[in-house]
Structures are given as structure tokens and as C-alpha cells.
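Here the sequence shown stands for residues 17 to 145, where the numbers follow the working numbering. For each residue, glycine too, the CB sits at the ideal point set by N, CA and C. Note that the structure is a prediction, hence the values are computed from the model and not measured.
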Amino acid sequence: IFMPVASRDHACGLLGPTDHIMAHLDDSFVMLSAALSSQHAHEHIDAARSWQHRLRIVKETVEEMVLCQQHWNYFQQVFAIQDVQKQLASESGTFSSVDARWQRIMYDVQANPRVLRQALTPGLLEELG
């Protein structure tokens, strides 16, 4: 589960720590690898490979979310300065669009912090990348 944290500077809140998510994903990869190497795996090979694929997407999405939040946080501070907004009007407009999308993502995370549900949202990984 994502553990979003409230922020006095950001109405949409922040992701919070993701170490526990990544550790759980790593454990799941190890268990799936062990299951796939079992001599009895042939009955469940398709399901196990499907889960491997999903977990790769989840891991990549969580990593992208953390990276995007870092960039968003930095640029939000930069574009909060009115002189910068005036001097970089085009870039400021682009950031406003990115800001709105990021806030929507974070509101969705707050409403439903389940990692699998959020990270497997169709199109989210592409939107973050």
C-alpha cells in the first residue's frame, strides 16, 4: 500500500516512502523465480509468467512515480517564482499541464493507495515516462 503523506506545501500530498513496496516486490520476484524453477511449475507456468510481467510493470511504475515526484517537486519550486513564470512563459505553461496531471495521479493514490491497482492503471507508466 502506498503511504501518501500530507504536505503543507502541496495540496495533493506526496507519495511517502516506497522502500517497503520495493522490498515486497523483490521478495515476490524471488518467490516467483523459485516457483518457476520447480519441477511442478508446468501446471501454473502461464499464471506465474503473467504475474512476473505484472510485477515488472509495477516496479517500473513505482520507480517512475518516485522520479517524477522528485522532478515535480523541484520544478514546482522553480515555477512558483513569478519572475521565472514571466521569463519562461512557454515552459511555465508546460509545467502547469504536468502539475495538473501529477496532482490527479496523487489524488488517485490518496483515494485508493493499493499499489497494484494504481501501478497497473492502463496508460499510467507511459504517462509518467
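Contacting residues, own chain, Cβ-Cβ under 6 Å from residue 52 (five flanking each side not counted) = 64
Could you give the distance in angstroms between the alpha-carbon of residue 42 and the alpha-carbon of residue 143?
-> Going from the Cα of residue 42 to the Cα of residue 143 covers about 24 Å.
On a CA-only basis, which of 132, 137, 138, 112 is nearest residue 18? Give me that one, please.
-> Checked all of 132, 137, 138, 112; the closest Cα to residue 18 is 132.
Quick one, are the C-beta atoms of residue 77 and residue 31 less than 8 Å apart?
-> no
Residue 20 vs residue 126 beta-carbon contact at 8 Å = yes
Report yes if the CB atom of residue 108 is closer than 8 Å to the CB atom of residue 101, and no otherwise.
-> Contact: yes.
Determine the extent of the alpha helix (DSSP H) in which residue 46 is found, giving its start and end residues.
-> 35-53
The alpha helix (DSSP H) enclosing residue 128, as first and last residue numbers = Counting along the chain, residue 128 falls outside any alpha helix (DSSP H), and DSSP gives it neither H nor E.
Per DSSP, residue 21 is paired with what?
-> 30
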